[in-house]
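For the sequence shown, the UniProt record's numbering gives the first residue as 1, with consecutive numbering after it.
No residue lacks a Cβ here, since even glycine has one placed at the ideal position from N, Cα and C.
Fair warning: this is a prediction, and the values are worked out from it, not measured in the lab.
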Amino acid sequence: MKSFLIFFLFALPSFSSVLQVQGFDFFYFVLQWPGSFCDTGKQSCCYPNSGKPASEFLIHGLWPNNNDGSFPSNCDPNRSFDSSEISDLINNMDAEWPSMACPSSNSYSFWAHEWAKHGTCAESVLNEHDYFKAALNLKEKADGILQMLSSSGIEPNDNSYSLSSIREAIKGGIGYTPVIECNQDESGSSQLYQVYLCADTSAANFITCPYFPTESCSSEIKFPSF
Numbered sequence: 001m002k003s004f005l006i007f008f009l010f011a012l013p014s015f016s017s018v019l020q021v022q023g024f025d026f027f028y029f030v031l032q033w034p035g036s037f038c039d040t041g042k043q044s045c046c047y048p049n050s051g052k053p054a055s056e057f058l059i060h061g062l063w064p065n066n067n068d069g070s071f072p073s074n075c076d077p078n079r080s081f082d083s084s085e086i087s088d089l090i091n092n093m094d095a096e097w098p099s100m101a102c103p104s105s106n107s108y109s110f111w112a113h114e115w116a117k118h119g120t121c122a123e124s125v126l127n128e129h130d131y132f133k134a135a136l137n138l139k140e141k142a143d144g145i146l147q148m149l150s151s152s153g154i155e156p157n158d159n160s161y162s163l164s165s166i167r168e169a170i171k172g173g174i175g176y177t178p179v180i181e182c183n184q185d186e187s188g189s190s191q192l193y194q195v196y197l198c199a200d201t202s203a204a205n206f207i208t209c210p211y212f213p214t215e216s217c218s219s220e221i222k223f224p225s226f
């Protein structure tokens, strides 16, 4: 009996750590149109300390998700964001993953939020550096979205376009059907806000989305300038 208790006590920590491992089935890679972030009337937007971002889709996040639509979040409160771990990525992240929230900032608090809420749930496959690097690599793969839309006559010029044409233009360029999220401008018009693409659990390649949430768009949506 004594030997059993000793074995149990030694086994308990490893068993506990297994319970804390968060599983997931795929990533949502989410890109945001800055013109729509700034054009809602409900919030202000501020350019980051690095200056006005380029007129392109910017990274919002890389989010572990499950096939049933559920998702893990805030998986390891003891694993805080450490900017020194991504020092070689900062210049790239300033350009591709800036914070547009007010007041203006160096974007570190935004990245810290994304790491705490989403990145810590992917630690079983990606450490902090690999997590942010993987998002930047996916952005490079999807960097032509604005050109894909432009090639289909869809421009960020405050005009409205069919939701289906936007979806098909991106699918034609990426090879996978995106999920489109809309918000509303100051007048209440539905506008192109975010593009969701799905990636495998290593965040290395795009895949067919296992789960499609209900899109928040009307059939015709505005594409605001920035």
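6 Å CB neighbourhood of residue i in its chain, flanking five on each side removed
i, result
"Glu215", "Ile180"
"Pro98", "Pro48, Pro53, Ser107"
"Cys45", "Phe37, Cys38, Met100"
Cβ-based neighbour list, residue i, same chain, cut-off 7 Å, excluding 5 preceding and 5 following
i, result
"Ala112", "Phe81"
"Ser202", "Val125"
"Phe212", "Val179"
"Val30", "His60, Gly61, Trp63, Gln194, Tyr196"
Local Cβ density within 10 Å of residue i, reported as buried at 16 or more and exposed below that
i, result
"Thr208", "exposed"
"Pro224", "buried"
"residue 227", "The structure shown has nothing for residue 227, since the chain only spans 1 to 226."
Residue range of the alpha helix (DSSP H) that includes residue i
i, result
"His129", "128 to 141"
"Lys171", "163 to 174"
"Leu89", "Unbroken run through Leu89: none, as it is neither H nor E."
"Tyr108", "108 to 117"
"Gly35", "34 to 37"
"Ile145", "145 to 151"
For residue i, the nearest candidate out of the options (CA to CA)
i, options, result
"Ser162", "Ile221, Gly51, Asp39, Ser225", "Ile221"
"Pro156", "Ala142, Gly23, Leu146", "Leu146"
"Cys75", "Ala116, Thr40, Trp63", "Ala116"
"residue 285", "Cys38, Ser190, Leu58", "With the chain running from 1 to 226 in the structure shown, residue 285 is simply not present."
"Ala134", "Pro64, Gln191, Asn159", "Pro64"
"Glu186", "Phe29, Gly35, Phe24, Gln194", "Gly35"
"Phe132", "Glu56, Ala204, Gln32", "Ala204"
"Cys182", "Phe110, Asp158, Cys217", "Cys217"
"Ser190", "Asn159, Ile174, Ala199, Pro210", "Asn159"
"Phe206", "Gln184, Ser219, Gly175", "Gly175"
Through-space distance from residue j to residue i, alpha-carbon basis
i, j, result
"Pro72", "Ile170", "28 Å"
"Thr177", "Arg167", "7 Å"
"Asn78", "Ala122", "14 Å"
Cβ shell of residue i (< 8 Å), same chain only, five flanking positions each side left out
i, result
"Leu12", "Any reading at Leu12 needs caution, since the residue's pLDDT is 39, under 50, leaving its predicted position unreliable; the model's value is listed next. None."
Check: residue i C-beta below 7 Å from any heavy atom of the ligand HEM
i, result
"His118", "Absence of the ligand HEM is noted for the structure shown, with no ligands found whatsoever."
Limits of the beta strand (DSSP E) - the one that residue i falls within
i, result
"Ser218", "From DSSP, Ser218 is part of no beta strand (DSSP E); its letter is neither H nor E."
"Gly51", "Element bounds for Gly51: n/a, residue is neither H nor E."
"Val125", "Val125 -> no beta strand (DSSP E), and no H or E assigned at all."
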